[in-house]
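*Asks:*
There are 2 protein chains.
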Amino acid sequence: MEQGSDTLAMSESNAVLIGRKPVMNYVLACITLFHGGAKQVSIKARGKSISCAIDVTEVVRRKFMPDVKIKKINIGTDQLSNEGVTEGLTNVSSIEIILER
Amino acid sequence: MEQGSDTLAMSESNAVLIGRKPVMNYVLACITLFHGGAKQVSIKARGKSISCAIDVTEVVRRKFMPDVKIKKINIGTDQLSNEGVTEGLTNVSSIEIILER
Chain A
1 MEQGSDTLAM SESNAVLIGR KPVMNYVLAC ITLFHGGAKQ VSIKARGKSI
51 SCAIDVTEVV RRKFMPDVKI KKINIGTDQL SNEGVTEGLT NVSSIEIILE
101 R
Chain B
1 MEQGSDTLAM SESNAVLIGR KPVMNYVLAC ITLFHGGAKQ VSIKARGKSI
51 SCAIDVTEVV RRKFMPDVKI KKINIGTDQL SNEGVTEGLT NVSSIEIILE
101 R
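For the protein sequence lines, the chains are A and B, in the order given.
The first sequence begins at 1 in this note's numbering and counts up by one.
The second sequence begins at 1 in this note's numbering and counts up by one.
1. Three or more beta-carbon pairs under 8 Å between the segment 16-24 of chain A and the segment 50-69 of chain B, yes or no?
2. Give, in chain order, every residue of the segment 44-55 of chain A whose Cβ lies closer than 8 Å to some Cβ of chain B.
3. Answer with buried or exposed for Thr32(B), where buried requires no fewer than 16 other C-beta atoms within 10 angstroms of its C-beta.
4. Check whether the segment 32-43 of chain B touches the segment 42-60 of chain A, taking contact to mean three or more Cβ pairs, one atom from each stretch, closer than 8 Å.
5. Quick one, are the C-beta atoms of Asn74(A) and Glu96(A) less than 8 Å apart?
6. Ordered along the chain, which non-local residues of its own chain (more than five positions away) have a Cβ less than 7 Å from that of Ile18(B)?
7. Quick one: does Thr57(A) have its CB under 8 Å from some CB of chain B?
8. Give the secondary structure of Arg20(A) by DSSP, where H, G and I count as helix, E and B as strand, and everything else as coil.
9. Applying a beta-carbon distance threshold of less than 9 Å, which residues of chain B neighbour Arg62(A)?
10. Under a CB-based cut-off of 8 Å, is Thr7(A) close to chain B?
11. Residues of chain B with CB closer than 8 Å to the CB of Ile98(A), please, in chain order.
12. Should Ile73(B) be flagged as near chain A, meaning a C-beta pair shorter than 8 Å?
13. From the DSSP output, in three-state form, read off Asn91(A) for me.
14. Buried or exposed: where does Asn14(A) fall if 16 or more other Cβ atoms within 10 Å of its Cβ makes it buried?
15. Quick one: residues in its chain with C-beta nearer than 7 Å to the C-beta of Gly88(B), no 5 flanking neighbours on either side, listed in chain order?
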């Protein structure tokens, strides 16, 4: 992982992490951040939540804030350590969508 | 097919549509296209298959073809007409990942 980029620092502070709640919860979180003065919001998700991250992005852009643009989409792999039945590391895909106003 | 837009023509012809099969099937499809001389392969998915599209991209890049780069990631919304229990149009998120060798 590279450090030292402003983009990373910005996105860290205004990150919305997608989990298993309804899409609208995360949409609201994004809108709240933008209304609070954020210029950039980064939406992060892993594994099966990735499709939810894209739903959130599309709802924010199409229904609520047409002035928001997608600045960048990063995809990657995270290694998680299993502590359950199987041992070792599992690879999980991840996505980061950076929205800009 | 229109002439003059090479990128579009290329990606249309070399598309891998992600469905419900195992990830490796789609990985093989991508590798086969690249080995057949394709310079670009576009991976397309909708709804819950989106996370699988990212898995495929990561496996192709990390395990098999490190020289493949992600040229562009597009996300969007497709409207599908329901013919089942509910009527009307449903919005489904979609993704297109364009890989370039």
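Here a beta-carbon is modelled for each residue, glycine too, at the ideal position from N, C-alpha and C.
On a predicted model such as this, the values are computed, not experimentally measured, just so you know.
*Replies:* Reading it off the structure:
1. No: fewer than three Cβ pairs fall under 8 Å.
2. Using a CB distance below 8 Å, the part of the segment 44-55 of chain A facing chain B consists of Gly47, Lys48, Ser49, Ile50, Ser51, Ile54, Asp55, ordered along the chain.
3. Per the 10 Å Cβ criterion, exposed.
4. Contact fails: fewer than three Cβ-Cβ distances are below 8 Å.
5. The answer is yes: Cβ separation under 8 Å.
6. Cβ neighbours of Ile18(B) within its own chain (closer than 7 Å, five residues either side excluded): Tyr26, Ile43, Lys44, Ala45, Ser49, Cys52, Ala53, Val56.
7. Yes, because at least one Cβ of chain B sits closer than 8 Å to the Cβ of Thr57(A).
8. If DSSP states are grouped into helix, strand and coil, Arg20(A) belongs with coil.
9. Ordered by position in chain B, the residues that pass the 9 Å Cβ test against Arg62(A) are Thr77, Asn91.
10. Caution is warranted here: a pLDDT of 45 is assigned to Thr7(A), below 50, making its placement in the model unreliable, and the coordinate value is therefore given only provisionally. Residue-level contact check: Thr7(A) does not touch chain B, since none of the beta carbons of chain B fall below 8 Å from its beta carbon.
11. Taking a Cβ-Cβ threshold of 8 Å, none of the residues of chain B is close to Ile98(A); the smallest such distance is about 12 Å.
12. Closer than 8 Å: yes.
13. Correct three-state label for Asn91(A): strand.
14. Buried: at least 16 other Cβ atoms inside 10 Å.
15. Close CB contacts of Gly88(B) within its chain, under the 7 Å cut and outside five residues either way in sequence, are with Asn82 (chain order).
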